[in-house]
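Heads up: the structure comes next, in structure tokens.
Numbering (the working numbering), first residue to last: 67 to 231.
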């Protein structure tokens with residue numbers, strides 16, 4: 067199981083949440099407590115409260131999402147199970163896998179970062195780092211699954227596939 071644990075990511079996420087809290091907190095204080103309209107074209111008090119709740123709620127939901135997001139990869143009898151919880155789950159049947167190799171990749175250049183990603187050539191499930199397992203399928207787009215133990219995962223998948231032939 068892998069999670070988003072990069073310190074730079076959490077600094078960015080929490081700084082953004084803090085910015086939203088301070089900005090809308092000040093707006094509410096200025097307009098509701100001090101009685102001074104906030105901004106050049108101030109909203110009604112109700113509009114400001116609803117907008118503030120919405121912005122703070124969305125920001126908090128994004129933080130919560132990053133807290134619960136995790137990438138799980140399991141090799142089972144029926145195939146390779148890849149779950150990017152709570153967003154996505156897939157099973158790669160051994161009969162559909164044509165080739166499986168461990169590889170290094172540049173996540174920013176190939177996919178624009180980490181997470182559930184797609185480009186014209188392939189899809190990716192990544193959380194961190196630059197190593198993963200490249201799955202090629204019969205008649206489907208390839209998939210890269212990020213892993214801190216890519217060699218081990220590829221060896222296990224290849225061993226299971228070899229034992230089935």
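Even glycine gets a Cβ: it sits at the ideal position worked out from N, Cα and C. In this text, all values refer to a predicted model and were calculated from it rather than measured experimentally.
Through-space distance from residue j to residue i, alpha-carbon basis
i	j	result
residue 133	residue 70	8 Å
residue 99	residue 108	15 Å
residue 218	residue 167	10 Å
residue 150	residue 103	44 Å
residue 124	residue 141	35 Å
residue 216	residue 194	12 Å
residue 174	residue 197	13 Å
residue 232	residue 85	Nothing about residue 232 can be read from this structure; the chain reaches only from 67 to 231.
residue 183	residue 144	25 Å
residue 92	residue 111	13 Å
residue 199	residue 228	17 Å
residue 101	residue 90	15 Å
residue 72	residue 120	27 Å
residue 169	residue 77	29 Å
residue 116	residue 97	13 Å
residue 155	residue 81	31 Å
residue 171	residue 211	11 Å
Span of the alpha helix (DSSP H) around residue i
i	result
residue 134	111-134
residue 77	73-94
residue 176	173-177
DSSP-derived helix/strand/coil call for residue i
i	result
residue 229	helix
residue 148	strand
residue 210	strand
residue 193	coil
residue 137	strand
residue 202	strand
Candidates the options: closest to residue i by CA position
i	options	result
residue 114	126, 131, 95 and 127	95
residue 181	191, 86, 91 and 125	191
residue 163	224, 217 and 140	224
residue 153	138, 103 and 179	138
residue 135	68, 199 and 208	68
residue 186	83, 201 and 208	208
residue 148	201, 119, 87 and 79	201
residue 165	83, 72 and 226	226
residue 128	83, 214 and 105	83
Span of the beta strand (DSSP E), counted from its first residue to its last, around residue i
i	result
residue 165	163-170
residue 182	181-184
residue 157	154-158
Expected contact under 8 Å - CB spacing of residue i and residue j to nearest Å
i	j	result
residue 230	residue 160	6 Å
residue 87	residue 122	6 Å
Contact test: residue i Cβ vs the ligand FAD heavy atom, cutoff 7 Å
i	result
residue 94	Within the structure as shown, the ligand FAD is missing, as the structure has no ligands at all.
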